[in-house]
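In case it helps, the working numbering puts the sequence shown at residues 69 to 785.
All C-beta atoms, glycine included, are put in the ideal place defined by N, C-alpha and C.
Values in this document were obtained by computation on a predicted structure and should not be read as measured data.
Working notes for the structure below.
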Amino acid sequence: YGTGLGYFELSLNGEKVGLDVLSPNQTNYGKRPGLEKRQIPVEDNFREYRVMYPAYDVTKQIRPGENVLGAMLGNGFYDVEYRWVMPYGSPRFMGQLHITYTDGSEDIIASDTTWKAAQGPIVLDGLYIGEHYDARKEQRGWDAPGFDDSAWQTAALRKAPEGKLVAQNGPADRVMEELKPVKIEKLGEGYYKLDFGQEISGWLHLKDVQGTEGQKIDIRYISESPMGANTYTMKGGAPESYHARFTWFVFREAEIMGWPGELPPEQVTAEAVYSNVRTTGQFECSNPLFNTINRIWLRSQTDNMHGGVASDCPHRERAAYTGDGQVACVTVMHNLDAGAFYRKWIRDIWGAQNPETGYVPNGAPWEPGCGGGVAWGAAMNIMPWEFYVHYGDKDMLEENFEAMKEQVRFMGSWIEPDGTMWMKDPCPWKNLGDWCPAYDFPPTPMVHTFFLWRCADLTAQAAAALGKTDDEQMYRELAGRTKEAFHKRFYDPQKGTYGRYGGNVFALKMGVPDSCRTQVIASLKQDLENNGGNLDTGIFGTQFLFEVLADNGLNEMAYQALNKRDYPSFGHWIEQGATTTWEQWDGKNSRNHPMFGGSLTWFYRKLAGMNADPARPGYRHIVFRPQPAADITWAGYESQTPYGPAGVRWDRHDDGFTLWVKVPVGSTATVYVPGAISEDSVRVNGSDALDGNAVYKGTEGGYAIYEVRSGEYTFDV
Numbered sequence: 069y070g071t072g073l074g075y076f077e078l079s080l081n082g083e084k085v086g087l088d089v090l091s092p093n094q095t096n097y098g099k100r101p102g103l104e105k106r107q108i109p110v111e112d113n114f115r116e117y118r119v120m121y122p123a124y125d126v127t128k129q130i131r132p133g134e135n136v137l138g139a140m141l142g143n144g145f146y147d148v149e150y151r152w153v154m155p156y157g158s159p160r161f162m163g164q165l166h167i168t169y170t171d172g173s174e175d176i177i178a179s180d181t182t183w184k185a186a187q188g189p190i191v192l193d194g195l196y197i198g199e200h201y202d203a204r205k206e207q208r209g210w211d212a213p214g215f216d217d218s219a220w221q222t223a224a225l226r227k228a229p230e231g232k233l234v235a236q237n238g239p240a241d242r243v244m245e246e247l248k249p250v251k252i253e254k255l256g257e258g259y260y261k262l263d264f265g266q267e268i269s270g271w272l273h274l275k276d277v278q279g280t281e282g283q284k285i286d287i288r289y290i291s292e293s294p295m296g297a298n299t300y301t302m303k304g305g306a307p308e309s310y311h312a313r314f315t316w317f318v319f320r321e322a323e324i325m326g327w328p329g330e331l332p333p334e335q336v337t338a339e340a341v342y343s344n345v346r347t348t349g350q351f352e353c354s355n356p357l358f359n360t361i362n363r364i365w366l367r368s369q370t371d372n373m374h375g376g377v378a379s380d381c382p383h384r385e386r387a388a389y390t391g392d393g394q395v396a397c398v399t400v401m402h403n404l405d406a407g408a409f410y411r412k413w414i415r416d417i418w419g420a421q422n423p424e425t426g427y428v429p430n431g432a433p434w435e436p437g438c439g440g441g442v443a444w445g446a447a448m449n450i451m452p453w454e455f456y457v458h459y460g461d462k463d464m465l466e467e468n469f470e471a472m473k474e475q476v477r478f479m480g481s482w483i484e485p486d487g488t489m490w491m492k493d494p495c496p497w498k499n500l501g502d503w504c505p506a507y508d509f510p511p512t513p514m515v516h517t518f519f520l521w522r523c524a525d526l527t528a529q530a531a532a533a534l535g536k537t538d539d540e541q542m543y544r545e546l547a548g549r550t551k552e553a554f555h556k557r558f559y560d561p562q563k564g565t566y567g568r569y570g571g572n573v574f575a576l577k578m579g580v581p582d583s584c585r586t587q588v589i590a591s592l593k594q595d596l597e598n599n600g601g602n603l604d605t606g607i608f609g610t611q612f613l614f615e616v617l618a619d620n621g622l623n624e625m626a627y628q629a630l631n632k633r634d635y636p637s638f639g640h641w642i643e644q645g646a647t648t649t650w651e652q653w654d655g656k657n658s659r660n661h662p663m664f665g666g667s668l669t670w671f672y673r674k675l676a677g678m679n680a681d682p683a684r685p686g687y688r689h690i691v692f693r694p695q696p697a698a699d700i701t702w703a704g705y706e707s708q709t710p711y712g713p714a715g716v717r718w719d720r721h722d723d724g725f726t727l728w729v730k731v732p733v734g735s736t737a738t739v740y741v742p743g744a745i746s747e748d749s750v751r752v753n754g755s756d757a758l759d760g761n762a763v764y765k766g767t768e769g770g771y772a773i774y775e776v777r778s779g780e781y782t783f784d785v
């Protein structure tokens, strides 16, 4: 059991222990004097501070006789001073080796001041400045039996941070993929440019390089944001290999200078590094653009998953923004096995809440340069609920319900006399509305009021799931009052609209009065038509746009907006060569931001048509309701649910329409078969007669409806 702050790499008898890198996971380690005086002032009064330790079974690395345990330390987020980031202290380590002998006796070897320490070959490392390695400073065998450490210093006792020592509960970072160069271009003597085909987060791995002592190899990672330098100074003699240890870089292309001789492709690979999360969701359809959009978002998302948190961008800021996290979390859960990941990160958000005021900051773990606002703190309410719906884990609601209530209490302190909300903190970076719009922002009070409604509504639903009837009633009433106040303040009855840039989207997501619903839908339709069919929204408006269109009879417009290749659209980015999703529609600032991916649930829940039922969460009951659009001839989505694999695929062909669904063992499903006008127009599993596992329930809105048990079913129309 060991931990090293900010990062450590454990070694036993000359071999690395485990596969983890950039370990341990990032947390709010402890107090930082002066935190409230930094760029975005937040009182250093968080609910919880934690330091995580991973555990490793090292039995197979133990050998008879002398054994040597050692660690290399890096600065990580613990010791970094950079614009929006504040340090906690200098690097430190603690560890315990627990031994159980064959006779049943036990022994514990713990780190203390009898341990030795020395300067290693990593002469400089920092998350924002890079890493420099001088192999001439290596001490051969330092971590193996027989090494003479008499010249080493005694390790110094360091003060522990305030953080509670806890077992690491989120996935560690690993080398998840290895990419070979798709192109190598020689630019000069020892000077090469490499292209790996897509932008990743990680590092170059130099293999079996043979050069002279003191020869320095410079690696320049090509990105729109500076990330520091990376150099390797050779010791000479035998072939040498190297990759960075205590920082990561973001790149598709890289330049190598000072390389000895020719550079064959097998001697350099790019290693993609991110949290150890499996890809469990699979979406594909007949539209190649949609497949590419989904793929580049997924690459951007994994590029940003480090240390058990998701950052906004993996290069410039590397900050765990709560707003970015909540807006994209549903899409993440549809694609990745992220249960352990979110258990860890949601606990970070819970721990970052101020227990006196209920305020949840714009990032967790908190760094004093994270700008945001009401929609950022709303992660405390949104992420536990979405986790519950997707994974069916009621413990998540139990553990976070009081924090959800406290966040709503904080929001309530900013409610206006008319029932709307507008947080007017003196620091403007604490009260943003929407963010990164295509053209202009919707009114900030509108966005704040929408998220007050959303947080109250989700807290009411959480209360219902937990059987807390008094709380359910209280928060349903608050949500109802907020919805009514939203309508009274922001609806223009003369124009029949709540406004452009997301106004109509937010209103329809909440639900509008029946008396004006037709006008509002028409207004939203006109908004898109006036913009050539393109969206006009920021990150929060975009998240809901496509599904709101689909839910209000405008699914074809959702398709058209997603199918665009001009500004502003995902296709516009791809036309410019993007292999990741960007921060802004115009391409300014970061070009590796996953936040707009929150809108891609339309692919899985509307186009393909597979939905979790909040009333029976975790896909215990699945609603299959495909919404085919435009000229798409087939679409499919599959995922690993808590009950096993589930999936849907549909095909349009000359003879009609075929829908295939897979319902895992222990689950049931409601299946909406498009284009069926009666029971007689549908064959189930090739037969006109039902076998009892499928029950016909009638037709509705152009769908034939069936209730089915677990199994695989084919519906032919």
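Exercise for the section: For the beta strand (DSSP E) containing Lys765, list its first residue and its last residue. Expected result: Here residue 765 corresponds to residue number 697 of the sequence shown, with the count starting at 1. Per DSSP, Lys765 is one residue of the beta strand (DSSP E) stretching across 762-768.
Exercise for the section: Please report how far the alpha carbon of Asp756 lies from the alpha carbon of Val691, in whole angstroms. Expected result: Here residue 756 is taken as the residue at index 688 of the sequence shown, counted from 1. Here residue 691 is taken as the residue at index 623 of the sequence shown, counted from 1. Their Cα atoms are separated by approximately 23 Å.
Handout entry: Close-in-space but distant-in-sequence residues of the same chain around Gly72 (CB under 6 Å, 5 per side omitted)
Key = Residue 72 sits at position 4 when you count from the first residue of the sequence shown. Cβ neighbours of Gly72 within its own chain (closer than 6 Å, five residues either side excluded): Ala139, Leu141, Phe161.
Exercise for the section: Could you tell me the distance, in whole angstroms, from the CA atom of Glu323 to the CA atom of Ile287? Expected result: By one-based count along the sequence shown, residue 323 stands at place 255. By one-based count along the sequence shown, residue 287 stands at place 219. Those two C-alpha atoms are separated by around 6 Å.
Handout entry: Strand pairing of Phe638, partner residues [DSSP]
Key = Translated into positions along the sequence shown, residue 638 becomes position 570. Beta-bridge pairing links Phe638 to no other residue.
Problem - Continuous beta strand (DSSP E) assignments of at least 3 residues falling wholly in the region 527-590 - result: Listed in chain order, nothing qualifies, since the region 527-590 has no complete beta strand (DSSP E) run of 3 or more residues.
Exercise for the section: Report the three-state DSSP secondary structure of Glu116 (helix, strand or coil). Expected result: Residue mapping note: residue 116 aligns to position 48 of the sequence shown, counting from 1. For Glu116, the secondary structure class from DSSP, reduced to helix, strand or coil, is coil.
Problem - Nearest-angstrom Cα separation, counted from Met491 out to Asn499 - result: Counting from 1 along the sequence shown, the entry for residue 499 is found at position 431. Counting from 1 along the sequence shown, the entry for residue 491 is found at position 423. For Asn499 and Met491, the distance between alpha carbons rounds to 6 Å.
Exercise for the section: For the beta strand (DSSP E) containing Ile167, list its first residue and its last residue. Expected result: Locating residue 167 in the sequence shown gives position 99, counting from the first residue. Unbroken beta strand (DSSP E) run through Ile167: 160-168.
Handout entry: Inside the region 107-157 only - beta strand (DSSP E) runs reaching at least 3 residues
Key = You should have 118-121, 137-142.
Handout entry: Inter-stretch contact at 8 Å, needing at least 3 Cβ pairs: the region 407-416 / the region 358-372
Key = Taking a cut-off of 8 Å on C-beta distances, the region 407-416 does not touch the region 358-372, as fewer than three cross pairs fall below it.
Exercise for the section: Would you check if the distance between the CB atom of Gly391 and the CB atom of Ala447 is smaller than 8 Å? Expected result: For this step, residue 391 is matched to residue 323 along the sequence shown. For this step, residue 447 is matched to residue 379 along the sequence shown. With respect to the 8 Å criterion, Gly391 and Ala447 are classified as neighbours on the basis of their beta carbons.
Exercise for the section: Decide if the region 471-491 is in contact with the region 183-194; the criterion is three or more beta carbon pairs, one per stretch, under 8 Å apart. Expected result: Segment contact: the region 471-491 against the region 183-194, fewer than three CB-CB distances shorter than 8 Å; contact not assigned.
Problem - Contact set for Glu253: own chain, Cβ-Cβ below 6 Å, skip 5 residues either direction - result: Counted from its first residue, the sequence shown places residue 253 at position 185. Lys261, listed in sequence order.
Problem - Three-state secondary structure (DSSP) of Lys492 - result: In the sequence shown, the residue the question calls residue 492 occupies position 424. If DSSP states are grouped into helix, strand and coil, Lys492 belongs with coil.
Exercise for the section: Have a look at Lys99, Asp508, Pro159, His661 and flag the residue whose alpha-carbon is nearest the alpha-carbon of Tyr389. Expected result: Here residue 389 corresponds to residue number 321 of the sequence shown, with the count starting at 1. That would be His661, whose Cα lies nearest to the Cα of Tyr389.
Handout entry: Cβ-based burial, Tyr46 [other Cβ within 10 Å; buried from 16]
Key = Because the chain in this structure spans residues 69 to 785, residue 46 falls outside the shown range and cannot be described.
Handout entry: Residue interval of the beta strand (DSSP E) (run including Arg688)
Key = For this step, residue 688 is matched to residue 620 along the sequence shown. Where Arg688 is concerned, there is no enclosing beta strand (DSSP E), because DSSP gives it neither an H nor an E.
Problem - Classification of Glu624 by the beta-carbon crowding that lies within 10 angstroms, buried from 16 upward - result: Locating residue 624 in the sequence shown gives position 556, where the first residue counts as 1. Looking at its Cβ environment, which holds fewer than 16 other Cβ atoms inside 10 Å, Glu624 is exposed.
Handout entry: Proximal residues to Gly567 (C-beta, below 8 Å), its chain only, five neighbours per side dropped
Key = On the sequence shown, position 499 is the one that residue 567 refers to. Scanning its chain for C-beta atoms nearer than 8 Å, with the 5 sequence neighbours on each side dropped, one finds around Gly567 the residues Pro510, Pro511, Met514, Phe558, Asp560, in chain order.
Handout entry: Per-residue DSSP class, three states only, for Arg633
Key = Taking the sequence shown and counting its residues from 1, one reaches residue 633 at position 565. Three-state result, Arg633: coil.
Problem - CB of Trp521 within 8 Å of CB of Met464, strictly - result: Mapped onto the sequence shown, residue 521 falls at position 453. Mapped onto the sequence shown, residue 464 falls at position 396. For Trp521 and Met464, no; Cβs fall outside 8 Å.
Exercise for the section: Using the Cα positions of Asp604 and Ala506, report the straight-line distance between them to the nearest angstrom. Expected result: As a first step, residue 604 is located in the sequence shown; it is residue number 536 there, counting from the start. As a first step, residue 506 is located in the sequence shown; it is residue number 438 there, counting from the start. The alpha-carbon atoms of Asp604 and Ala506 are separated by roughly 5 Å.
Exercise for the section: Inspect the beta-carbon positions of Val110 and Pro429 and report whether they are closer than 8 Å. Expected result: By one-based count along the sequence shown, residue 110 stands at place 42. By one-based count along the sequence shown, residue 429 stands at place 361. Yes, these two residues count as a Cβ contact at 8 Å.
Exercise for the section: Tell me, please, which residues DSSP counts as bridged to Asn679. Expected result: As a first step, residue 679 is located in the sequence shown; it is residue number 611 there, counting from the start. Under the DSSP definition of a beta bridge, Asn679 partners with Val691.
Practice task
Per DSSP, which residues does Thr709 bridge with? Please list them.
Solution key: For the purposes of this step, residue 709 is identified with residue 641 of the sequence shown, where counting begins at 1. Answer is Gly712, bridged to Thr709.
Exercise for the section: Determine the closest residue to Trp183 out of Ala306, Asp217, Lys563, Tyr711, with distance taken between C-alpha atoms. Expected result: The residue you call residue 183 lines up with position 115 of the sequence shown. It is Asp217.
Exercise for the section: Closer than 6 Å by C-beta to Gly10: which residues in its own chain qualify, once you throw out the five before and the five after it? Chain order, please. Expected result: Since the first and last residues shown for the chain are 69 and 785, residue 10 lies out of range.
Handout entry: contact_flag[the region 702-714, the region 763-774] where n(CB pairs < 8 Å) is 3 or more
Key = Contact annotation: the region 702-714 does not touch the region 763-774, with fewer than three C-beta pairs closer than 8 Å.
Practice task
Would you kindly check if the distance between the Cβ of Val341 and the Cβ of Gly393 is under 8 Å?
Solution key: Counted from its first residue, the sequence shown places residue 393 at position 325. Counted from its first residue, the sequence shown places residue 341 at position 273. Contact: no.
Exercise for the section: Assign Phe783 to one of three DSSP states: helix, strand, or coil. Expected result: Along the sequence shown, read from residue 1 onward, the residue named residue 783 stands at position 715. Correct three-state label for Phe783: strand.
Exercise for the section: Give the DSSP bridge partners of Met325, in chain order. Expected result: Taking the first residue of the sequence shown as position 1, residue 325 is located at position 257. Answer is Tyr259, Asp286.
Problem - CB-CB length for Thr550 against Lys473, believed under 8 Å - result: The residue you call residue 550 lines up with position 482 of the sequence shown. The residue you call residue 473 lines up with position 405 of the sequence shown. Contact flag wrong, Cβ pair sits at about 15 Å.
Exercise for the section: List the endpoints of the continuous beta strand (DSSP E) containing Trp728. Expected result: Locating residue 728 in the sequence shown gives position 660, where the first residue counts as 1. Counting along the chain, the beta strand (DSSP E) containing Trp728 begins and ends at 724-731.
Problem - Cα-Cα separation, Leu274 to Gly157 - result: Numbered from 1 along the sequence shown, position 206 holds the residue referred to as residue 274. Numbered from 1 along the sequence shown, position 89 holds the residue referred to as residue 157. One C-alpha to the other measures close to 32 Å.
Handout entry: Glu230 versus Phe114 - alpha carbon distance
Key = For the purposes of this step, residue 230 is identified with residue 162 of the sequence shown, where counting begins at 1. For the purposes of this step, residue 114 is identified with residue 46 of the sequence shown, where counting begins at 1. Rounded to whole angstroms, the gap between the alpha carbons of Glu230 and Phe114 is 11 Å.
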